[in-house]
Structures are given as structure tokens and as C-alpha cells.
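Before any comments, here is the structure.
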Amino acid sequence: MVLSIAHRGASGYFLENTRASLEGALALNADIIEVDVRETLDHQLVLSHDLTLTRLIGVPKNAQSVLASMVPIPLLLSKHLSQVILRNGQQPYFLKDVFKRVGAQKILKLDIKLYVSAKSVSQFLEEYACGRTVYLAGDKKTIDLIYSPSVEILREHSIKKQQYRARKEGRLLKQALVRKAEILAPHFSIISDSLIRHAHEYSLIVHAWTVNEPADIKQAIAQGVDAITSNYPERVKYFTLPTQG
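In the numbering used here, the protein residues as written are 1 to 245.
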């Protein structure tokens, strides 16, 4: 069974990395929910892909939103972010609230961005994810330093299109193995039967990203990936039904 990964929540329908997109992913029964993680000045973890909240805020509705649209998240306090109004009317979503909401229902994949400390994530996981499985993606130097003995951590080695063109397949696989990554995550456009076969020979789990078009989803499934990251996670589930394809 190919698993569905909701990219930044159900971001095809709702504003990404928000409570709405998380609720959407739960409603669509995604197997795994991926969110992007940033760290505030007072070491709180909050959801955002970008260094600032400019794109999520849109037109600022109050003074705190004006500030957050201009100042990078690592320079802001969490108390300021909690007063920000995003363009969908909600507040920025803190990672602790994500874990509280999801509980043990779903596996979470945390895409750790730059300027997030491994220490902060390690401490967070010990407090909020004890006994759970968590996938870690993003900044390789950071996620390789994250340690939480009470959490089963699976680390991802991502491959972008330009990396694949510049390097041979064997070298990319070796990099994943040297890092002791459990997951190989190639962009869907560079997936090949050879890459999938060799990854599985080395016991690597293959996550394809970010796959939205039905034809591309069907092709990735046919090539043998283990999971597909999509803005529309229900499309992945549809094409994995026994009567579909």
C-alpha cells in the first residue's frame, strides 16, 4: 500500500501550515501529515515554510501582523506571533498544538527549516512525542543532530532535480546511507525504476514529492514508491484502491 502524505497539510484546499490545512488532512484521512517548522526567538516551534509570515498573512490586519510580515520568525517572540492574524483569519499554528490535536492518530513529518536548533527539536520531541514515530526532513545538518531516545525517528534524505542531474545515482544513494537515513525522498520528476530498485535493495523507504496531477500519481505508484507527498492526499488514496489504476 502506497501511503499518502499531506503536503503542509491539505494545502491544495486550505492555507498551508495552518490549523485549517491540518484539519483538512485529517478529514481526508491522509496517512502522514507533513508540516514545515521554524523557531522563534524564545525557542518555540511554529509552522511556516518561509522565513517570514508574509505569504501567510497577505494584507496585514493588525500591528503584530505588520511586524510579522517584515521580520524573520527567528527574531520574533512567540507572544507576538500568537497575536498575528493570517489571511484565512486564523493565528499561526504552533507545533505543540499540532501534536496535541493529532495525538496518536497520524504520523507527522517535520520539515525542519534553517535556523532551527537541533536542541530545541530534541527537547520538544521528548515532551510531546514520547513513544511515537516521527519523520524528520529538511535541513540535513540539523536533523542529523536531533536525538530523542523516547521517540522513533526516521530521517529523510531529499533529492532535488538539480542534484540528480549533477550527480550519479550511486553517489546520491551513498550519501543517504552515510547519513544513516531511513527515507530517500526524490522529486517525482527524477524517479526511475533503477532508483527505486536500488533504494529498496538498501532498505530505504522511498517518498516521492510533490505529486499533484493524477497521471503523475499513477506513474509514481506504478514505479513502486512507498509514499507520495501531495497537496491533495485523497488523490493518492484513490489511486491505491484495489479497483483503481
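Backbone N, C-alpha and C define an ideal beta-carbon position, used for all residues, glycine too.
Quick one: what's got a C-beta closer than 8 Å to residue i's C-beta in the same chain, skipping five residues either side?
i: Lys113; result: Asp36, Val37, Arg38, Ser48, His49, Leu51, Gly138, Asp139
i: Ile57; result: Ser65, Ala68, Ser69, Val84, Ile85, Leu86, Arg87
i: Leu75; result: Leu41
i: His200; result: Val206, Gly224
i: Gly131; result: Ser150, Val151
i: Asp226; result: Val2, Leu3, Ile205, Val206, His207
By DSSP, does residue i sit in helix, in strand, or in coil?
i: Asp139; result: coil
i: Ile159; result: strand
i: Ser230; result: strand
i: Phe14; result: coil
i: Leu95; result: helix
i: His43; result: coil
i: Leu195; result: helix
i: Leu114; result: coil
i: Asp50; result: coil
i: Val121; result: helix
i: Leu173; result: helix
i: Gly103; result: coil
i: Val236; result: helix
If you measure between the beta carbons of residue i and residue j, is that distance less than 8 Å?
i: Arg155; j: Ile190; result: no
i: Tyr147; j: Lys96; result: no
i: Thr210; j: Thr229; result: yes
i: Leu246; j: Ile153; result: What the structure shows of the chain is the stretch from 1 to 245, and residue 246 is not part of that stretch, so it cannot be assessed.
i: Pro186; j: Leu177; result: no
i: Leu28; j: Pro233; result: yes
i: Phe99; j: Val46; result: no
i: Glu34; j: Lys109; result: yes
i: Gln90; j: Arg8; result: no
i: Arg179; j: His157; result: yes
Within the same chain, show all residues whose beta-carbon is closer than 7 Å to that of residue i, passing over the 5 residues directly before and after it, in chain order.
i: Leu248; result: What the structure shows of the chain is the stretch from 1 to 245, and residue 248 is not part of that stretch, so it cannot be assessed.
i: Arg101; result: Leu22
i: His43; result: Ser120
Please list, in chain order, all residues of the same chain as residue i whose beta carbon is under 6 Å from its beta carbon, the five residues on each side excluded.
i: Lys237; result: Ser4
i: Ile107; result: Ile32, Thr133
i: Tyr13; result: Gly24
i: Ile143; result: Ile112, Leu136, Arg155
i: Val121; result: Ile146
i: Pro92; result: Val46, Leu81, Val84
According to DSSP, residue i sits in a beta bridge with which residue or residues?
i: Glu34; result: His7, Lys109
i: Glu152; result: Thr133
i: Pro72; result: Looking at the DSSP assignment, Pro72 forms no beta bridge with any residue, so it has no partner.
i: Ile183; result: Glu156, Ile205
Contact the segment 170-177 vs the segment 216-228: 3+ CB pairs below 8 Å = no
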